[in-house]
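Engineer: This is the structure I want to talk about, given as structure tokens.
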DNA sequence: TTGAAAGCGCTAACAG
DNA sequence: CTGTTAGCGCTTTCAA
């Protein structure tokens, strides 16, 4: 029910010229006389003409829309990555259609369907934690639609992806723990079908080896990335007869929950237990004690995803998949540095 | 460079029928014979035909896209409202185009421009904190494009809006403080050109009056909603000769910062200072002590915004603006309940 | 220097 | 029952 926007036709009629003349004048085509061009442009500006993207899209067969699928929009991590994607998209005159899989495999498949039928020009995706089957993405290969994965990735030999060095990150954390004096280092790990969780677990093991610490399977809890699960895992670790003196939580959210459980047990951080998370969102600084964490360049991850998309869309030939590994940084705060025990 | 999707024409050609026959068969038009209909539908399914939204949009003059402008995507508050908007949009076959004003008036204007030239069918907006001039929205009235404001609103007599009862909320907080024994209640307030900040401040004053407490202007700090500003304000309040025994922070983020400053001063929460925020995001439960806050039904606010949009778009006549006031709830946690002083 | 016409994919009024 | 045609807004040959 909104009033119809001005079209080329309206301008043409008003000026008694043809539509094609207006079209040309608006893009400063040399064929059109300067006088007419100025007149047309003036009127167009006055009427606030802007080309109908639907018509353009239909003609050029492009929507200028990038589809994004995240497991859950309501987190610092994903929302700031989207922010990064959006900023590059905007620079290129593209829009971003955001959808959430809500960590559900079924919903993720729906998102892919919906986005494709919306004719998005490409997909930027972080897998849901449930996803173990990737056939809904393989279909995309034939359609020749650019697809970029980030963080939770798959089929990296077929699709471009933006990741961080999870293995190294975990390795660094263990080293940091060791240097802070920890000797029984526990790990609350994520589901192992997720590449990131798996790699972090590998890094944990490698880190232990590096510090000549023995791997103890009792010190590892695999969780499903829910709050309840995290609390249970933390509790189990803290109830061990020989309980850990440091806990590496697979992400910040899990670390917050772990922190709560440690306190509930009457233990102190960092005096009794050291704690480190991964993500480094704003809240890491407001919890008590401030949480040591690995900073993700979230905004840049988003920008990189979008750049990879544009690289693919712009090249005529099929581009080989690119894997971009982003730099992370350990941000040491109080939760992981042992104070003198003399307090 | 993606392979062209199947069109009606392709199917028509393959089956040696006309395009309109295919079109009709696909929508089960009674004119087409059952046999042909089934055949056409079968092929369409097999070829994974889905109608080109660009063509449909051009024809029907509708994009099925709602434009959203938020001050900043990277927060619990906005991202979960968007989540709510998106859920209703999806139910109605609409998409959501999200843009951020980054709290900038200029950028907000750009967002409006961009969204309009993308031919969104409506706008759902939360004002940037800088915005004091609303002319960029007034232009929208003539265009007859539905516009719904939420949280930070303006021109409520002209546009629909979804808000919470800020005044009452603040009033309840003061009452709660009073009942917890606080007598010198401070307020870290937001910029007063923002309706929400202003109303909260009014509620604060009304609440004091209700508790027969005298208003003391030294106990109020107006800030620009930045972290630095919040820290400074908290510090100033805590350095008063007669410093407050309770602080009402205008939102959770400010409350977190306030919490940090209180601790830095060596004061305890809630023993020395009570603290309450507004928003109630997940992190309220992980800070130490858990933060008392006012829960916003963020997801429902989003849903309500989208519903108001659809109400407007569906009614042929111009609908009068509707103001929807959402229910909030005080969630009492440790930060605002005085324990026995005997610890 | 400008205009006419075709076509992008689809629907709907009008023919047959 | 099915096909033809016009038109949504725009660009782009081809004609003039």
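Chains as they are written, first to last, in the numbering used here: chain A, 2 to 344; chain B, 2 to 344. Just so you know, even glycine gets a beta-carbon here, dropped at the ideal spot from N, CA and C. Keep in mind it's a predicted model, so treat the numbers as computed, not measured.
Taking just the CA atoms, how far does residue 242 (chain A) sit from residue 125 (chain A)?
Structural biologist: Cα-Cα distance, rounded: 46 Å.
Engineer: Hey, would you say residue 254 (chain A) sits closer than 8 Å to residue 298 (chain A), going by beta carbons?
Structural biologist: No. Outside cutoff.
Engineer: Starting from residue 96 (chain A), find everything on chain B with Cβ-Cβ shorter than 7 Å and list it in chain order.
Structural biologist: Ordered by position in chain B, the residues that pass the 7 Å Cβ test against residue 96 (chain A) are 98, 119.
Engineer: Name, please, each residue of chain B whose Cβ falls closer than 7 Å to the Cβ of residue 54 (chain A).
Structural biologist: Near residue 54 (chain A) (Cβ distances below 7 Å), the residues of chain B are 119, 120.
Engineer: Using a beta-carbon distance below 8 Å, is residue 229 (chain B) in contact with chain A?
Structural biologist: No, its Cβ sits nowhere closer than 8 Å to a Cβ of chain A.
Engineer: Once DSSP output is grouped into helix, strand and coil, what is the label at residue 92 (chain B)?
Structural biologist: Reduced to three states, the DSSP call for residue 92 (chain B) is helix.
Engineer: Between the Cα of residue 91 (chain B) and the Cα atoms of B:67, B:322, B:170, which residue gives the shortest distance?
Structural biologist: Out of B:67, B:322, B:170, B:67 has the C-alpha closest to the C-alpha of residue 91 (chain B).
Engineer: From residue 121 (chain A) to residue 79 (chain B), what does the alpha carbon distance come to, in whole angstroms?
Structural biologist: Between residue 121 (chain A) and residue 79 (chain B), the C-alpha separation is close to 25 Å.
Engineer: Quick one: what's residue 70 (chain B) bridged to in DSSP?
Structural biologist: Residue 70 (chain B) is bridged to B:100, B:126.
Engineer: In whole angstroms, give me the CA-to-CA distance for residue 191 (chain B) and residue 312 (chain B).
Structural biologist: Spanning the two alpha carbons is a distance of roughly 33 Å.
Engineer: Select from A:300, A:226, A:290, A:304 the residue whose C-alpha is nearest the C-alpha of residue 337 (chain A).
Structural biologist: Of the listed residues, the one whose Cα sits closest to residue 337 (chain A) is A:290.
Engineer: Along chain A, in chain order, which residues have C-beta atoms closer than 8 Å to that of residue 257 (chain B)?
Structural biologist: Here the neighbours are 284, 287.
Engineer: Among the candidates B:175, B:224, B:323, whose CA atom is the shortest distance from the CA of residue 206 (chain B)?
Structural biologist: The option with the nearest alpha carbon to residue 206 (chain B) is B:175.
Engineer: Is the Cβ-Cβ distance between residue 281 (chain B) and residue 302 (chain B) less than 8 Å?
Structural biologist: No; because the gap between Cβ atoms is not below 8 Å, this pair is not in contact.
Engineer: Give every residue of the same chain whose Cβ lies closer than 7 Å to the Cβ of residue 251 (chain B), excluding the five residues on either side of it in the sequence, and list them in chain order.
Structural biologist: Only 189, 190, 191, 198, 201, 279 meet the Cβ criterion.
Engineer: Of the residues B:185, B:58, B:164, B:218, which one's Cα is nearest the Cα of residue 195 (chain B)?
Structural biologist: Per the Cα distances, B:164.
Engineer: So, is the C-beta of residue 12 (chain B) closer than 8 Å to a C-beta in chain A?
Structural biologist: Taking Cβ atoms only, chain A never reaches closer than 8 Å to residue 12 (chain B), which makes this a no.
Engineer: Checking 8 Å against the spacing of the C-beta atoms, do residue 55 (chain A) and residue 100 (chain B) come in under that value?
Structural biologist: Not a contact, by the Cβ cut-off of 8 Å.
Engineer: Do you know offhand how far residue 256 (chain B)'s Cα is from residue 238 (chain B)'s?
Structural biologist: Distance between the alpha carbons of residue 256 (chain B) and residue 238 (chain B) is about 13 Å.
Engineer: Within the 8 Å Cβ cut-off, does residue 280 (chain B) reach chain A?
Structural biologist: With 8 Å as the cut-off, residue 280 (chain B) does not count as an interface residue toward chain A.
Engineer: Taking the Cβ atom as the reference point for each residue, do residue 186 (chain B) and residue 249 (chain B) lie within a distance shorter than 8 Å?
Structural biologist: Yes, the pair counts as a contact, with Cβ atoms nearer than the cut-off.
Engineer: Would you say residue 332 (chain A) reaches chain B, if we count a Cβ-Cβ gap shorter than 8 Å as a contact?
Structural biologist: Output row for residue 332 (chain A): interface = no.
Engineer: Quick one: Cα of residue 111 (chain A) to Cα of residue 310 (chain B), how far?
Structural biologist: In a straight line, the C-alpha of residue 111 (chain A) is about 25 Å away from that of residue 310 (chain B).
Engineer: For residue 224 (chain A), which three-state DSSP category applies?
Structural biologist: The answer is coil: DSSP assigns residue 224 (chain A) none of H, G, I, E or B.
Engineer: Mapping DSSP to helix, strand and coil, what is residue 293 (chain B)?
Structural biologist: In the structure shown, residue 293 (chain B) sits in a strand (DSSP, three-state: E or B).
Engineer: To the nearest angstrom, how far is it from the Cα of residue 325 (chain A) to the Cα of residue 162 (chain A)?
Structural biologist: Approximately 6 Å, taken between the alpha carbons.
Engineer: Mind listing which residues of the segment 74-87 of chain A have their C-beta closer than 9 Å to chain B's C-betas, in chain order?
Structural biologist: Within the segment 74-87 of chain A, the qualifying residues are 74, 75, 76, 77, 79, 80, 81, 83, 84, 87.
Engineer: Find the nearest neighbour of residue 330 (chain B) within the set B:166, B:316, B:213, judged by alpha-carbon distance.
Structural biologist: The candidate whose alpha carbon is nearest that of residue 330 (chain B) is B:166.
Engineer: Please classify residue 272 (chain B) as buried or exposed, where buried requires at least 16 other C-beta atoms within 10 Å of its C-beta.
Structural biologist: By the 10 Å Cβ count, residue 272 (chain B) comes out exposed.
Engineer: What residue from B:236, B:284, B:288 has the CA that sits closest to residue 268 (chain B)'s CA?
Structural biologist: The option with the nearest alpha carbon to residue 268 (chain B) is B:236.
Engineer: Verify the CB distance criterion: does residue 344 (chain A) have a CB-CB separation below 8 Å to chain B?
Structural biologist: Residue placement at residue 344 (chain A) is flagged as unreliable, the pLDDT there being 36, under the threshold of 50; the coordinate-derived value follows with that caveat. Not one chain B Cβ lies under 8 Å of residue 344 (chain A).
Engineer: Name the chain B residues that come within less than 7 Å of residue 261 (chain A), Cβ to Cβ?
Structural biologist: Within 7 Å Cβ-Cβ: 287.
Engineer: Counting only beta-carbon separations shorter than 8 Å, does residue 59 (chain B) have a partner in chain A?
Structural biologist: It does: the Cβ of residue 59 (chain B) has a partner Cβ on chain A nearer than 8 Å.
Engineer: Taking buried to mean at least 16 other C-beta atoms within 10 Å of its own C-beta, is residue 152 (chain A) buried or exposed?
Structural biologist: Counting Cβ neighbours within 10 Å, residue 152 (chain A) comes out buried, since at least 16 surround it.
Engineer: Helix, strand or coil, according to DSSP, for residue 14 (chain A) in the structure here?
Structural biologist: Three-state DSSP puts residue 14 (chain A) in a helix.
Engineer: Are the Cβ atoms of residue 7 (chain B) and residue 306 (chain B) separated by less than 8 Å?
Structural biologist: In this structure, residue 306 (chain B) does not lie closer than 8 Å to residue 7 (chain B) by Cβ.
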